[in-house]
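Inspection log for the structure reproduced underneath, given as C-alpha cells.
Number of protein chains: 2
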Amino acid sequence: MGRGVVGLLQRESASLAATGRTLQLTRVASRTPRPEVDLGGAAFSTDLADLTAADDVDVVVEVIGGEEDAKTLFAAAIAANKHVVTANKALIALHGNELMRDARRAGIFVGIEAAVAGGIPIINALTRGLPANRIEWLAGIINGTSNYILTAMSEGGQDFATALREAQRLGYAEPDPTFDVEGIDAAHKLAILAGLAFGTPFDFASVHVEGIADVDAEDVGYARELGYRIKPLGIARRTARGVEARVHPCLTPESDLIAKVDGVMNAVQVRGDAVGSTLYVGPGAGAGPTASAVVADLVELARGGADSCAVFPIEGDWESSPIGEVSCAHYLNVPAEDQPGVFADVAQTLGRHGISIEGVIQRAEAVRGARGSEWVPIVILTDVVAELDAERAVADIEKLAGVTGRVRRIRVANLENSDGE
Amino acid sequence: MGRGVVGLLQRESASLAATGRTLQLTRVASRTPRPEVDLGGAAFSTDLADLTAADDVDVVVEVIGGEEDAKTLFAAAIAANKHVVTANKALIALHGNELMRDARRAGIFVGIEAAVAGGIPIINALTRGLPANRIEWLAGIINGTSNYILTAMSEGGQDFATALREAQRLGYAEPDPTFDVEGIDAAHKLAILAGLAFGTPFDFASVHVEGIADVDAEDVGYARELGYRIKPLGIARRTARGVEARVHPCLTPESDLIAKVDGVMNAVQVRGDAVGSTLYVGPGAGAGPTASAVVADLVELARGGADSCAVFPIEGDWESSPIGEVSCAHYLNVPAEDQPGVFADVAQTLGRHGISIEGVIQRAEAVRGARGSEWVPIVILTDVVAELDAERAVADIEKLAGVTGRVRRIRVANLENSDGE
Chain X
4 MGRGVVGLLQ RESASLAATG RTLQLTRVAS RTPRPEVDLG GAAFSTDLAD
54 LTAADDVDVV VEVIGGEEDA KTLFAAAIAA NKHVVTANKA LIALHGNELM
104 RDARRAGIFV GIEAAVAGGI PIINALTRGL PANRIEWLAG IINGTSNYIL
154 TAMSEGGQDF ATALREAQRL GYAEPDPTFD VEGIDAAHKL AILAGLAFGT
204 PFDFASVHVE GIADVDAEDV GYARELGYRI KPLGIARRTA RGVEARVHPC
254 LTPESDLIAK VDGVMNAVQV RGDAVGSTLY VGPGAGAGPT ASAVVADLVE
304 LARGGADSCA VFPIEGDWES SPIGEVSCAH YLNVPAEDQP GVFADVAQTL
354 GRHGISIEGV IQRAEAVRGA RGSEWVPIVI LTDVVAELDA ERAVADIEKL
404 AGVTGRVRRI RVANLENSDG E
Chain R
4 MGRGVVGLLQ RESASLAATG RTLQLTRVAS RTPRPEVDLG GAAFSTDLAD
54 LTAADDVDVV VEVIGGEEDA KTLFAAAIAA NKHVVTANKA LIALHGNELM
104 RDARRAGIFV GIEAAVAGGI PIINALTRGL PANRIEWLAG IINGTSNYIL
154 TAMSEGGQDF ATALREAQRL GYAEPDPTFD VEGIDAAHKL AILAGLAFGT
204 PFDFASVHVE GIADVDAEDV GYARELGYRI KPLGIARRTA RGVEARVHPC
254 LTPESDLIAK VDGVMNAVQV RGDAVGSTLY VGPGAGAGPT ASAVVADLVE
304 LARGGADSCA VFPIEGDWES SPIGEVSCAH YLNVPAEDQP GVFADVAQTL
354 GRHGISIEGV IQRAEAVRGA RGSEWVPIVI LTDVVAELDA ERAVADIEKL
404 AGVTGRVRRI RVANLENSDG E
C-alpha cells in the first residue's frame, strides 16, 4: 500500500512543482524493516513517532491500517499541528468523531478519500460535488470481496464456500475473511458515508450488520428468476427520526444499474433532492486505486484546498433508527414437505401478519433433505412490510407442520422506487 | 434554469451561514422581464451589466446560455475582479482558453461544474478526485437527447424520426434538435472534458463530430444480435502524438456498464493509470441537476476552496489526432442483391484491404427496396482496422455489382479491451 503511494507521490511532486506548488516526500516510517523501494532521498525509520517529531513533515500520510498505532499516530500528528491523510476506514468509523473534532480545533486538514471505496472519489463527490443537496439515501456495494463471491455464485452457480476459496486464491479475500464476508468492513465504510451524507457524527455502533455467508446458491438462482440480483449493499437513509444504516445482502432489481456492478468492483448510488440519483463505480481496493485517492487528498492540500473540516460531519443532534423500523419487501425461502396444503398454510400465515405475496416460485421436483425426508422450497416475494412483521411471520411459518426447517429471508432493495427500500 | 439556482442558493445560504460562511443572493439580472420568483430581497435588473458594475457582487453566476452576451458578461466580471460560475458549455468550449487565461491573471475563481453532464460532479471528479492519475481515455454519454432516442430505437424498435418526435413531446429534445442530434452539444462537452483530463487547452475545432440521424432501427437491432448497444459516445484519448477526440454513435459491448445507461441519463467513464476505470452516472440536464452543480461551485468558493485556476488546463503543447488516425472495429451494413456470390465479393474486398471479419449476420428474407428490387442486408463486424482502410474498403464495396446502395458504417467502442477503442 505504502509503496503505491510513494511511487505516485514522487511523480505527482514533479508535476505539481511545474505549477509552483510543492509536495515532497521527506520521511517514511514503517513498523517493519525498510522496504525495497526508492524513497528518493526521504529518511527512513521504523518508529512512527519519528514522523510527528520531525520539523520537515507537514502532512502525515497513514496507510498502516489497524486501530491502535494508527490512532496514536493521528493524535500525535494533530498535537504537532501536522495535517493528516488516511486510508484507514476502521480508524475513522470508530474514532473519527474525536479525531476530526481535535483536528478542527487545531485547524489542520484531514483527508479520508482512500478510506471508502478505494479509487472512486466518493468522499469528494459527497462533500464537494453534491454539497447543495439534501441527501435522502445512499446505497453502496462497498466490499469487493463480498461482491466477488455473490457474483461468482450468481454467474457460475458456485456455492458460498467454493466462491470464497476462489476469492482467496485470487487474492480478493483474506485468509481470514471475517471482516469482509460478515459485513464489518462495509459497515465501517457505511458509517463514514452516512456521516458525510447527512452531516451527522460517524456512528458505527448503530449500523445493522449481516454478512453474506447465509446466502445459498439456490437463493441467487431464484432471485435471478424473479428478476433480481443479490448484492452486498450498505444502505443509509434519512428517516423522519434520524438516520438508518444497514449492511446486508439485498435482492436488487436487475434493471437497476447497481445490480450490474459485478466482481470486485465497488459502486455507490446517492440520491440528492436537487440532483436526483447519481452513481459512482470503480475499483474498491488495491495499491493503485488507494494511492490515487491518497494523493488526491495531498494535491488538494498542496493547492491550498478548502478547509477540510468545513466539509466533515457536524456534531449535531440525530437519532439512529434501529433495523426494527425498516420496511421493505422480502424474499423468503421456505423449506416445506412435498405435500398439499403447505403453501396454503404459509400464505395464510403471511396474510395473518398483513403481508401480501408479490411473487411465488414453487418447484415440482422435491429435494432430498439432510434427514432423508423430501422437501420442496417455497420461494415467496412479499410486498413492502415492516421488519418486525416479517420477523414474526417467519417465526410463525417455521412452526407450521409442513415446514421442515429454517426460513431464509433476504431483504429487497427497491432503491429507485421508494425511500431507500 | 436561473429559478432552480435561486431556490437552491437561498437554502444553501442558510445552511452555510451556520458554519460561519456567507453566500448571499444580492442581485439578479435577466434579459427578459422579472420572473415570478421570490428573490429574497435581491435587486432585479434587465441589464446584465448591472451585475458586474455593482459593489455588492463578488461572484457572477451565468446561466443565460448562448455565446455573445455570456462572453461579454464573463469578460466584464473578470475586468471587475469578480469570480464566475457558469453552466455554459458552448462558451467554455469555444472561448474558455482566453477566459480562463484572463481569469488566472486576475486571480479569480471560475466554476464550470454545471457545463458538463448536468448534475454528475464530473468536473470535480476529474480535477479534484483523480488529479494523481495520468488519464488515458474517457468516454461519455454526454447528450441525453441522443441517448433517449437511441434507447427508444433499441427498446421500442422505433425509427429515428418517431423516437425524435417522442423526445420532443416529452421535452427531452428541443423543437430544433440540431445541436443535440448532430453531436455539437456533446462535442462542446467533450472538448471541455478532454482539456481537463489531459491538461491541454480546450480544442472544440479538433473534435470529430457525427450525429445519430443516420442510425437505422435495423442497425440497432443487428447490434443487439451481435451483443452490442448503439450509444452516442464522446471519446477522448491520449495518443502518441497528442489528443484524439470524437463524437459519434458507437457499438458498445452490452457487458460494459456504460452500455446499460439508458434514456436521458448521462455517464462518463474515465481511465486513469493509477485508479483504473471509474464511471460516473446521473442526470445530464434539468433545473435541479444544473442548480446542484452551480451551487456546488459556489459552496467551494465560499469555503475558501483551492485556486480553481490551478485545476484548469495548462497552456501546453499538444497535437490533435485527426479521425483518420483512429483505429477501431466497425459494424458494416451492406445492402446487397439477394443472389449468390455477393457476400463472397464483399468478404474478398475487405480481405484486400487487410480487414478480417469477426461476425456476420445475413438474413434469409429479402427486403423490398425503394426501387422495387429485392435486397438483403449483409451485416458484418470487422476486427480493429484503421479508419482510412475502413473508408477505402467501404468505397470499394459500394462499387460491387451486387451491392445496391450506400453502406452504413458504425464504429465499435471496445473501451475496456484496448486503448479507448
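In the order they appear, the protein sequences are chains X and R. All letters in the first sequence, in the order written, are residues 4 to 424 by this note's numbering. All letters in the second sequence, in the order written, are residues 4 to 424 by this note's numbering. Where is the CB? At the ideal position from N, CA and C, for every residue including glycine. Since we're looking at a predicted model, the values are computed, not measured.
#1: Use the C-beta contact count for Ala164/X: other C-beta atoms within 10 angstroms, 16 or more gives buried, fewer gives exposed.
#2: Can you list, in chain order, the residues of the segment 16-36 of chain R whose Cβ is nearer than 7 Å to any Cβ on chain X?
#3: Going by beta carbon distance, what residues of the same chain come within less than 6 Å of Arg366/X, once the five residues before and after it are set aside?
#4: Any chance you could list the alpha helix (DSSP H) runs of at least 4 consecutive residues sitting entirely within the segment 63-139 of chain R, in chain order?
#5: Would you decide whether Leu133/R is buried or exposed? Buried here means 16 or more other CB atoms lie within 10 Å of its CB.
#6: Could you check if Ser324/X is buried or exposed, using at least 16 other CB atoms within 10 Å of its CB as the buried criterion?
#7: Which residues, in order along the segment 125-155 of chain R, keep a beta-carbon less than 7 Å from a beta-carbon of chain X?
#8: List the endpoints of the continuous beta strand (DSSP E) containing Leu153/X.
#9: Kindly list, in the order they appear in chain R, the residues whose Cβ is closer than 8 Å to that of Ala263/X.
#10: According to DSSP, simplified to helix, strand and coil, what is Val223/X?
#11: Cα-Cα, which of Asp392/R, Val119/R, Ala404/R is closest to His356/R?
#12: Give me the chain X residues within the contact set of Ile123/R, using Cβ-Cβ distance strictly less than 7 Å, ordered along the chain.
#13: Which bits of chain R does Ala118/X rub up against, with CB to CB less than 7 Å?
#14: What three-state label does DSSP hand His356/X in the structure shown?
#15: Cβ of Val284/R less than 7 Å from any chain X Cβ?
#16: What does Val298/R touch in chain X if you count any residue whose Cβ is under 7 Å from its own?
#17: Does the CB of Leu418/X have a neighbour CB from chain R at under 7 Å?
#18: Counting along the chain, where does the beta strand (DSSP E) carrying Ser280/X start and finish?
#19: When we look at the beta-carbon of Gln342/X and count the other beta-carbons within 10 Å, is it buried (16 or more) or exposed?
#20: Look up Thr242/R in the DSSP assignment and say whether it is helix, strand or coil.
#21: Consult DSSP for Thr49/R and reduce its assignment to one of helix, strand or coil.
#22: Since I believe Gln272/X is in contact with Ala190/X (beta carbons under 8 Å), could you give me their beta-carbon distance rounded to a whole number of angstroms?
#23: Where does Gly7/R land, buried or exposed, given buried means 16+ other C-beta within 10 angstroms?
#24: So, under 8 Å CB-CB, Val329/R and Val410/R are touching, yes? Tell me the CB distance rounded to an integer number of Å.
#25: Anyone know if the C-beta pair for Glu257/R and Ile364/R falls short of 7 Å?
#26: Just to make sure I have the definition right: I need the residues of chain R whose C-beta is within less than 8 Å of the C-beta of Leu461/X. Which are they?
#27: Which whole-angstrom value describes the C-beta separation of Gly279/R and Gly291/X, a residue pair presumed to lie in contact below a C-beta threshold of 8 Å?
#28: Skipping 5 residues on each side, what residues in its chain have a beta carbon closer than 8 Å to that of Lys74/R?
#29: In whole angstroms, give me the CA-to-CA distance for Phe112/X and Gly245/X.
#30: CB-CB under 7 Å to Ile326/X, same chain, minus the five flanking residues each way: which ones, in chain order?
#31: Would you call the CB atoms of Gly237/X and Glu213/X closer than 7 Å?
#32: Hey, quick one: how far does the alpha helix (DSSP H) through Gly291/X stretch, first residue to last?
#33: When DSSP labels each residue in this structure, what does Glu340/R get in the three-state scheme?
#34: Check the Cβ-Cβ distances between Ser157/X and every residue of chain R, and say whether any is below 7 Å.
#35: Mind checking if Gly291/R is an interface residue toward chain B, Cβ cutoff 7 Å exclusive?
#36: Against chain X, does Ala294/R count as a neighbour if the rule is that its beta carbon must be under 7 Å from one of theirs?
Taking the structure as given:
#1: By 1-based counting over the first sequence, the position of residue 164/X is 161. Its Cβ having fewer than 16 others within 10 Å, Ala164/X is exposed.
#2: Thr22
#3: Position 363 of the first sequence holds residue 366/X. If we look at Arg366/X and ignore the five residues flanking it on each side, its Cβ neighbours are Val379.
#4: 71-82, 92-109
#5: Sequence index remark: in the second sequence, residue 133/R carries index 130 (1-based). That one is buried.
#6: Working through the first sequence from its first residue, we reach residue 324/X at position 321. So Ser324/X ends up on the buried side.
#7: Asn127, Ala128, Arg131, Gly132, Leu133, Pro134, Ala135, Asn136
#8: Start at 1 with the first residue of the first sequence, and residue 153/X comes out as number 150. No beta strand (DSSP E) contains Leu153/X, which is instead part of the alpha helix (DSSP H) from 147-159.
#9: Position 260 of the first sequence holds residue 263/X. Sequence check: residue 263/X is Lys here, not Ala. Result: Leu260, Lys263.
#10: One-based indexing of the first sequence puts residue 223/X at position 220. Note: Val223/X maps to helix in three-state DSSP.
#11: Here residue 356/R is taken as the residue at index 353 of the second sequence, counted from 1. If we check each option's Cα against that of His356/R, Asp392/R comes out closest.
#12: What you label residue 123/R is simply residue 120 of the second sequence in a count that begins at 1. Residues of chain X passing the Cβ test: Thr281.
#13: Reading the first sequence from its first residue, position 115 is the one you call residue 118/X. Chain R residues near Ala118/X: none, gap ~14 Å exceeds 7 Å.
#14: For this step, residue 356/X is matched to residue 353 along the first sequence. It is coil, neither helix nor strand.
#15: In the second sequence, the residue the question calls residue 284/R occupies position 281. Output row for Val284/R: interface = yes.
#16: Counting from one through the second sequence, the residue named residue 298/R turns up at place 295. Going along chain X in sequence order, the residues near Val298/R (Cβ under 7 Å) are Ala135.
#17: For the purposes of this step, residue 418/X is identified with residue 415 of the first sequence, where counting begins at 1. It does not; no Cβ of chain R falls within 7 Å.
#18: For the purposes of this step, residue 280/X is taken as the residue at position 277 of the first sequence. Start and end: 279-286.
#19: One-based indexing of the first sequence puts residue 342/X at position 339. That one is exposed.
#20: The residue given as residue 242/R occupies position 239 in the second sequence. Residue state, collapsed to three classes: coil.
#21: For the purposes of this step, residue 49/R is identified with residue 46 of the second sequence, where counting begins at 1. Correct three-state label for Thr49/R: coil.
#22: In the first sequence, residue 190/X corresponds to position 187, counting from 1. In the first sequence, residue 272/X corresponds to position 269, counting from 1. Actually they are not in contact, since the Cβ atoms of Ala190/X and Gln272/X sit about 18 Å apart, beyond 8 Å.
#23: Translated into the one-based positions of the second sequence, residue 7/R becomes position 4. Burial call: buried.
#24: Against the second sequence, residue 329/R aligns to sequence position 326. Against the second sequence, residue 410/R aligns to sequence position 407. Not confirmed; about 18 Å, so no contact.
#25: Residue mapping note: residue 257/R aligns to position 254 of the second sequence, counting from 1. Residue mapping note: residue 364/R aligns to position 361 of the second sequence, counting from 1. The answer is no: Cβ separation not under 7 Å.
#26: Summary: the structure shown does not reach residue 461/X, with chain X confined to residues 4 through 424, and so no result is reported for it.
#27: As a first step, residue 279/R is located in the second sequence; it is residue number 276 there, counting from the start. As a first step, residue 291/X is located in the first sequence; it is residue number 288 there, counting from the start. Rounded, the Cβ-Cβ distance is 6 Å, consistent with contact.
#28: In the second sequence, counting from the first residue as 1, residue 74/R sits at position 71. Excluding positions up to five away in sequence, the list reads Leu94, His98, Leu102.
#29: Numbered from 1 along the first sequence, position 109 holds the residue referred to as residue 112/X. Numbered from 1 along the first sequence, position 242 holds the residue referred to as residue 245/X. Each residue's alpha carbon lies about 28 Å from the other.
#30: Here residue 326/X refers to the residue found at position 323 of the first sequence. If we look at Ile326/X and ignore the five residues flanking it on each side, its Cβ neighbours are His211, Arg249, Glu390.
#31: As a first step, residue 237/X is located in the first sequence; it is residue number 234 there, counting from the start. As a first step, residue 213/X is located in the first sequence; it is residue number 210 there, counting from the start. Going by C-beta atoms, Gly237/X is not nearer than 7 Å to Glu213/X.
#32: Counted from its first residue, the first sequence places residue 291/X at position 288. Segment 290-305, the alpha helix (DSSP H) holding Gly291/X.
#33: Mapped onto the second sequence, residue 340/R falls at position 337. Looking at Glu340/R - three-state DSSP - the assignment turns out to be strand.
#34: Residue numbering aside, residue 157/X sits at position 154 when the first sequence is read from its first letter. No, its Cβ sits nowhere closer than 7 Å to a Cβ of chain R.
#35: The chain inventory of the structure shown lacks chain B, comprising the protein chains X and R.
#36: Within the second sequence, the letter at position 291 stands for residue 294/R. Yes, Ala294/R lies at the interface with chain X (some Cβ there is under 7 Å from its Cβ).
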